[in-house]
Amino acid sequence: MTILSKKSTRLIKLKKLDSAIFYANELLDKSIFIKDTFHQLKSYNKLAKYHRANNEYFKSVNFYNKSKELNLLLGDTIKAINKLRFIESIQKQLGDFNSSENTAIEALQLCDVLDDSITIKQKLSLYNHLGIVTKDQYNFSDAKNWYTNALKLSNDSLKIAAIKNNIALVDIKQEKFSSAINSLDLILKNTRFEKQSKQKARVMDNLAYAKSKLNYYEAEKELKIALEFRKKINDVKGQFASNIHLIQYYINRDQNQKALQYAKDAYEIALLTNSVISKIEVLSYLIRLEDNPKTFAIEYYKLTDSVKIARLQAKNQFAKIKYETDNLREAKIVLEKETAQKDLKLSQEASKRNFLILITSILVIGVVMIIINWRQRIKIASFNATIKTENRISKKVHDEMANDISDIKTLVKNHISSTNPAKKQLINMLNTSYISARDIATETGGIVFGDSFGKTLKNLLMQHNDDNVKIITTINGIDHVTIEEYKKNAIYRALQELMVNMNKHSQATIVTIAYKKDGKHHEIRYTDNGIGTDTVQKNRGLQNAVTRMQDIGGSFNFETSKGNGFKASLKFKA
973 MTILSKKSTR
983 LIKLKKLDSA
993 IFYANELLDK
1003 SIFIKDTFHQ
1013 LKSYNKLAKY
1023 HRANNEYFKS
1033 VNFYNKSKEL
1043 NLLLGDTIKA
1053 INKLRFIESI
1063 QKQLGDFNSS
1073 ENTAIEALQL
1083 CDVLDDSITI
1093 KQKLSLYNHL
1103 GIVTKDQYNF
1113 SDAKNWYTNA
1123 LKLSNDSLKI
1133 AAIKNNIALV
1143 DIKQEKFSSA
1153 INSLDLILKN
1163 TRFEKQSKQK
1173 ARVMDNLAYA
1183 KSKLNYYEAE
1193 KELKIALEFR
1203 KKINDVKGQF
1213 ASNIHLIQYY
1223 INRDQNQKAL
1233 QYAKDAYEIA
1243 LLTNSVISKI
1253 EVLSYLIRLE
1263 DNPKTFAIEY
1273 YKLTDSVKIA
1283 RLQAKNQFAK
1293 IKYETDNLRE
1303 AKIVLEKETA
1313 QKDLKLSQEA
1323 SKRNFLILIT
1333 SILVIGVVMI
1343 IINWRQRIKI
1353 ASFNATIKTE
1363 NRISKKVHDE
1373 MANDISDIKT
1383 LVKNHISSTN
1393 PAKKQLINML
1403 NTSYISARDI
1413 ATETGGIVFG
1423 DSFGKTLKNL
1433 LMQHNDDNVK
1443 IITTINGIDH
1453 VTIEEYKKNA
1463 IYRALQELMV
1473 NMNKHSQATI
1483 VTIAYKKDGK
1493 HHEIRYTDNG
1503 IGTDTVQKNR
1513 GLQNAVTRMQ
1523 DIGGSFNFET
1533 SKGNGFKASL
1543 KFKA
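Going by my numbering, the sequence shown runs without a break in its numbering and finishes at 1546.
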């Protein structure tokens, strides 16, 4: 196995990709046959890397995905997150920004399972990546939120400068040119930034471009200085961006001959880098500027058609890989269930063989279990009585109080003169009272869990997902656990209190709710990036949640402070 591994590594150094892939596949086949997980994982990583180097992106993603799943199975979450980062990068490269965004969010969900101090590097990269792909989808509000989250994690002035440059690009996209100019000016004053030639050139060019949009007299000169600087440091991709900005500058001022010269230079760079996206961009300008653009037009439409087909294939291929992964997970769950059932059957047979020896112990255990069961029944009966009382109150509030308020509101509308100055205030007060009564009825009313407890919880949580708050949850795993109805009710109400608290107080933009299992112990972890508070002990709703979880033998703990968001942990036994 080691020989095969070294052989493929040596071949890749010699740039013999096809041979390296052949021996990596040999390594994979043998490792699977002898159930050598270490070399199986190694071969997945090699094949993912080699296929990417060979521009076989879908194959690369497939092997990165398999490597990620094996990492998760082995409990190495950090490496699984890193594999998702490779996948998101390829998806972005192929222009499937939506898939890339979803992959990055999946990686963030895995980060939430680990301690924050372990995942700072991964989160910083993921937030910055999400800022880029959401910007490329013209979702500028989300892009700024992701970049802001990245800024909170970074304490390195160079990384902060790079992120702020990205935020300035969003401002330029939104035509907030003055804001972008102020930000980019400050970045260039960073003394450490002087040594970062490519980053410095990028900021210089972006600053000059923003100035050109507001007709600064020095903009043309600064655009050309940025281009010359990029030539000096041999930044080929940067030269392309500078040429595009100069093309736009001259077109906007009806100086088409000057724009044409820069378009020709940009086209030469696009041919050199063999970038299809760059070719399409510059061809659109050449068609507009050339006297006889037929040749360029033919190439333009040919390339745009090929990109559309490639992106469609990418979406389909990534969907297929996800489908296969989901099926693999389902198969593992079924296998684990069958194994558990076989183990149970063997255990039952062993118990029967030893029945005579253990009869006395079983009788003692039986008596103890009867007592425990009796106490449990009392607790469940008490809990059910509480639920019935809540339901009765809910019904009474809804059927009587809310309806009475509605009748009074109708009476006021129809029988009090519109000239009466108190009429509008009275109707508003009745509306407020009606909404409060309806909310009380909803929060205390009966809950129907159906076949999927996880789906019920997710529906509760996603009710709060809107343009202002993004809810990220991995709660569905709870469906693989058998939980009594009264415990489901307590968990549901506790989460409901959390979300109500979030809406009323937190001002959060991102909320994550993750479920994890450790034997018979289960935990639901809640985290938001809100404003936090130092007076949470006075919150009646959260105290109710604490009591509910304690009533089912669980716990509800939370921590928060002003400016540091809110975290909560619901623990219970199934």
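Backbone N, C-alpha and C define an ideal beta-carbon position, used for all residues, glycine too.
All of these numbers come straight from a predicted model, not from anything done at the bench.
Mind checking who residue i pairs with in its DSSP beta bridge?
| i | result |
| --- | --- |
| residue 958 | The chain is shown only over 973 to 1546; residue 958 falls outside these bounds and no answer can be derived. |
| residue 1486 | 1446, 1497 |
| residue 1527 | 1543 |
| residue 1532 | 1538 |
Cα separation between residue i and residue j?
| i | j | result |
| --- | --- | --- |
| residue 1451 | residue 1424 | 6 Å |
| residue 985 | residue 1117 | 42 Å |
| residue 1256 | residue 1272 | 7 Å |
| residue 1544 | residue 1073 | 33 Å |
| residue 1426 | residue 1449 | 7 Å |
| residue 1546 | residue 1432 | 21 Å |
| residue 1139 | residue 1173 | 17 Å |
| residue 1199 | residue 1441 | 41 Å |
| residue 1276 | residue 1253 | 10 Å |
| residue 1065 | residue 1108 | 12 Å |
| residue 1455 | residue 1540 | 21 Å |
| residue 1228 | residue 1217 | 14 Å |
| residue 1243 | residue 1251 | 7 Å |
| residue 1374 | residue 1468 | Model confidence at residue 1374 stands at a pLDDT of 47, short of 50, so the residue's coordinates are unreliable; what they give is reported in the following sentence. Looking at the two C-alpha atoms, the distance is approximately 22 Å. |
| residue 953 | residue 1081 | Outside the displayed range of the chain (973 to 1546) lies residue 953, so it cannot be described from this structure. |
| residue 1005 | residue 1015 | 13 Å |
| residue 1304 | residue 1162 | Its pLDDT being 49, under 50, residue 1304 is placed unreliably by the model, and the measurement read from it follows with that caveat. Going from the Cα of residue 1304 to the Cα of residue 1162 covers about 53 Å. |
| residue 1102 | residue 1528 | 32 Å |
| residue 1079 | residue 1147 | 32 Å |
| residue 1038 | residue 1012 | 10 Å |
| residue 935 | residue 1240 | The structure shown does not extend to residue 935, since the chain is modelled only from 973 to 1546, so the question has no answer here. |
| residue 1438 | residue 1483 | 11 Å |
| residue 1370 | residue 1521 | Note that residue 1370 scores 44 on pLDDT, short of 50, meaning its location in the model is unreliable; the coordinates nonetheless yield the value given after this. Their backbone Cα atoms lie some 27 Å apart in a straight line. |
| residue 923 | residue 989 | There is simply no residue 923 to check, as the chain begins at 973 and stops at 1546 in what is shown. |
| residue 1114 | residue 1099 | 11 Å |
| residue 1111 | residue 1514 | 35 Å |
| residue 1230 | residue 1260 | 13 Å |
| residue 1019 | residue 1210 | 32 Å |
| residue 1029 | residue 1060 | 12 Å |
| residue 1334 | residue 1526 | 28 Å |
| residue 1201 | residue 1164 | 18 Å |
I need the DSSP call for residue i, collapsed to helix, strand or coil.
| i | result |
| --- | --- |
| residue 1129 | helix |
| residue 1179 | helix |
| residue 1002 | helix |
| residue 1192 | helix |
| residue 1172 | helix |
| residue 1542 | strand |
| residue 1009 | helix |
| residue 1303 | Caution applies to residue 1303, whose pLDDT of 49 falls short of 50 and renders its modelled position unreliable; the value that the coordinates give is listed next. Helix, per DSSP. |
| residue 1507 | coil |
| residue 1435 | coil |
| residue 1453 | coil |
| residue 1481 | coil |
| residue 1054 | helix |
| residue 1114 | helix |
| residue 989 | helix |
| residue 1047 | coil |
| residue 1440 | coil |
| residue 1109 | coil |
| residue 976 | helix |
| residue 1067 | coil |
| residue 1428 | helix |
| residue 1492 | coil |
| residue 1567 | Residue 1567 falls outside the range modelled here, since the chain spans only 973 to 1546, and no answer is possible. |
| residue 1277 | helix |
| residue 1086 | coil |
| residue 1460 | helix |
For residue i, is the beta carbon positioned less than 7 Å from some heavy atom of the ligand ADP?
| i | result |
| --- | --- |
| residue 1442 | This structure does not include the ligand ADP; it has no bound ligands of any sort. |
Would you say residue i reaches chain C, if we count a Cβ-Cβ gap shorter than 8 Å as a contact?
| i | result |
| --- | --- |
| residue 1455 | Annotation note: the requested chain C is absent from the structure, which comprises a single protein chain. |
Open item on the list: For the pair the region 1184 to 1197 and the region 1154 to 1162, tell me if three or more CB-CB distances fall below 8 Å.
Closed with: At 8 Å Cβ cutoff, the stretches do not touch.
TODO: Inspect the CB distances between the region 1116 to 1136 and the region 1086 to 1106 and report whether three or more fall short of 8 Å.
DONE: yes
TODO: Taking 8 Å as the threshold, find out whether the region 1072 to 1088 comes into contact with the region 1046 to 1056 through three or more Cβ pairs.
DONE: yes
- [ ] Indicate whether the contact test is met: 3 or more Cβ pairs, each with one atom in the region 1472 to 1479 and one in the region 1489 to 1506, closer than 8 Å.
- [x] yes
Task: Complete runs of the alpha helix (DSSP H) confined to the region 1198 to 1255 [at least 4 residues] - done: 1208 to 1223, 1228 to 1245
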